[in-house]
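Protein chains in written order, with the numbering used here: chain A, 1 to 67; chain B, 1001 to 1183.
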C-alpha cells in the first residue's frame, strides 16, 4: 500500500514536472523571445581578434620535435 | 605536453559565436563579454588535455567561461545585481500587448534577473542544453536548474506583464508567488 501511494505521488510529481519541464516551448512568448535574443547574439560577426588569438596560441606552443 | 590538434582549434573557432552569446548574457556588456571569451579560449587551450574527445566541447567551454566569469566577479567584488529593492525600482516596463513584445523590453527584463536565474534560462531556453548538461555546467543539481528556470520565467512574465500563456496552469512556484494563501 505504501508503495502504491509512493507511485501515485511519483506520477503526480512527474506530471507536474513535465508541466514545468517545457516552460519555454514554442508556444510561449518568453521562449520565443529568449531564442530571438540569443540567436541575434550568436549571429553577430565575430571580431578577428579571436582567430588571431588562436593563431598566436598555436605559434607559442613549444616545439614538440627535439631530435 | 602534446600539441593541440588542428581539429581542436577548428572546434574552438566554431564555438566562438555561442561563447560570445553566453558571455553577453552573463555580463550584459559586449566588451566584458569579449574579454571573457578571450580568457576562456586561452584557458581552454592551456588545458586542452583535460577535454575528453567525443564529449560535448560546447558544454566544456561554457563551464570554463562560467567559472571564469564568477571568479572575476569575486575578484572585483560583486557588482550590484540581485538586490530586490533595486530590481523593483527598475520594473517600469510598460505592459506588452500580446505577441508584440519588443525585443528591447525583453532584453531589459532579462537584465533584471539575478545571474543564477538568467544563466539557467539562457542555457535551457536558448543555448539548447538539457537540464542535465546545464546542471553540470553550473555545478548544481538538476532540480536546482529546474527551479531557477521556473523562477526566471515567472519573473520575466511579471516584469513583462505577460499572463495566461501557461497551458498547464500556474506551476507550483508561480502558485506560491501569486497564491492567496490566507492564514
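Yeah, the Cβ is synthetic: ideal placement off N, Cα and C, and Gly gets one too. In this text the structure is predicted, and so the values were computed from the model without any measurement.
- Taking a 10 Å sphere around the C-beta of residue 43 of chain A, we find fewer than 16 other C-beta atoms and assign the residue as exposed.
- The three-state secondary structure of residue 1161 of chain B, taken from DSSP, is coil.
- Judged by DSSP in its simplified three-state form, residue 1055 of chain B adopts coil rather than helix or strand.
- Residue contact with chain B for residue 36 of chain A: present (Cβ-Cβ distance below 8 Å to some residue of chain B).
- At a cut-off of 8 Å, the C-beta of residue 1009 of chain B has a neighbouring C-beta in chain A.
- Identification of chain B residues near residue 48 of chain A by a Cβ-Cβ cut-off of 7 Å yields none; the smallest Cβ-Cβ distance measures about 11 Å.
- DSSP places residue 1104 of chain B inside the alpha helix (DSSP H), whose first and last residues are 1103-1111.
- In this model, residue 1134 of chain B and residue 1106 of chain B are separated by some 22 Å (Cα to Cα).
- Judged by DSSP in its simplified three-state form, residue 1126 of chain B adopts coil rather than helix or strand.
- If you check the CB distance, residue 1064 of chain B and residue 1027 of chain B do not come in under 8 Å.
- Residue environment: residue 28 of chain A is assigned as buried (16 or more neighbouring CB atoms within 10 Å of its CB, all protein chains considered).
- Approximately 7 Å separates the beta-carbon atoms of residue 1022 of chain B and residue 1122 of chain B; this is inside 8 Å, confirming the contact.
- Contact of residue 1114 of chain B with chain A by beta-carbon distance below 7 Å is absent, the smallest such distance being about 16 Å.
- Apart from the 5 residues on each side of it in sequence, residue 1118 of chain B sits with its Cβ closer than 7 Å to the Cβ of 1025, 1110, 1152 in its chain, given in chain order.
- Spatial neighbours of residue 1142 of chain B in its own chain (CB-CB distance under 7 Å, excluding positions within 5 residues in sequence) are listed in chain order as 1131, 1132, 1135.
- With the criterion set as a beta carbon lying under 8 Å from some beta carbon of chain A, the members of the region 1013-1027 of chain B are 1013, 1016, 1017, 1018, 1020, 1021, 1024, 1025, in sequence order.
- In terms of Cβ geometry, residue 33 of chain A and residue 1113 of chain B do not form a close pair [threshold 8 Å].
- Under the three-state reduction of DSSP output, residue 1047 of chain B falls in the coil class, being neither helix nor strand.
- CA-to-CA, the gap between residue 1035 of chain B and residue 1060 of chain B works out to about 18 Å.
- Residue environment for residue 31 of chain A: buried (at least 16 other C-beta atoms within 10 angstroms of its C-beta).
- By the neighbour-count definition (other C-beta atoms within 10 Å, threshold 16), residue 1076 of chain B is an exposed residue.
- Interface annotation, residue 1103 of chain B: in contact with chain A, CB-CB separation under 8 Å.
- Residue 1051 of chain B has a beta carbon lying at 8 Å or more from every beta carbon in chain A.
- With 16 or more other CB atoms across the displayed protein chains lying within 10 angstroms of its CB, residue 1148 of chain B is buried.
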